[in-house]
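Asker: Residue numbers (the working numbering): 96 to 239.
(1) Only counting the same chain, and skipping five residues up and downstream in sequence, which positions put a Cβ closer than 8 Å to that of residue 149?
(2) Terminal residues of the continuous alpha helix (DSSP H) containing residue 237?
(3) Let me confirm a value: residue 109 is counted as buried when at least 16 other C-beta atoms fall within 10 Å, else exposed. Which label applies?
(4) Can you tell which of 229, 222, 216 and 205 has its C-alpha closest to the C-alpha of residue 147?
(5) Pick helix, strand or coil for residue 150, following the three-state DSSP scheme.
(6) Would DSSP call residue 232 helix, strand or coil?
(7) Using 8 Å as the threshold, is the C-beta distance between residue 166 and residue 126 below it?
(8) Express the C-alpha separation of residue 124 and residue 231 in angstroms, rounding to a whole number.
(9) Pairs of beta-carbons, one from the segment 197 to 209 and one from the segment 130 to 144, closer than 8 Å: are there three or more?
(10) Assign residue 207 to one of two classes, buried (16 or more other C-beta atoms within 10 Å of its C-beta) or exposed (fewer than that).
(11) I'd like to check one pair, residue 172 with residue 219: are the Cβ atoms closer than 8 Å?
(12) How many angstroms separate the CA atom of residue 99 from the CA atom of residue 184?
Okay, here's the thing in structure tokens:
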């Protein structure tokens, strides 16, 4: 089981790195499209106060930068969840082996899962608040 988990971890990390390299140009294009759509909707709905003092070029660069920041934060949360999940699994496995079986394993998994969930939610909310301070909506800039 340990070898299977290590193999899965290696496949996940290497596969994700390869996909990141191959998809960089496509993702950059999608971020640009989302930024243009967001700017168009801002013009229709009214520009928030922090962005109203900027020129069109500055506003576009700010929105593109925020789109890249949203994407980077999404990737960061993925890595935290993936690597953290593997670490939680191995720690829980150690508790299960040393401390008394399935109950200790399950409890350690539950505590670790709750902690990882809390960390990723904190990261997401922190990003939203930073962007909201600049007058931007993180959900409207998100690319899948």
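Glycine is no exception: its CB is placed at the ideal position from the N, C-alpha and C atoms.
These figures come from a predicted structure and were not determined experimentally.
Answerer: Reading from the atomic positions:
(1) 157
(2) Here residue 237 belongs to no alpha helix (DSSP H), and DSSP marks it neither H nor E.
(3) exposed
(4) 229
(5) coil
(6) coil
(7) yes
(8) 20 Å
(9) no
(10) buried
(11) yes
(12) 12 Å
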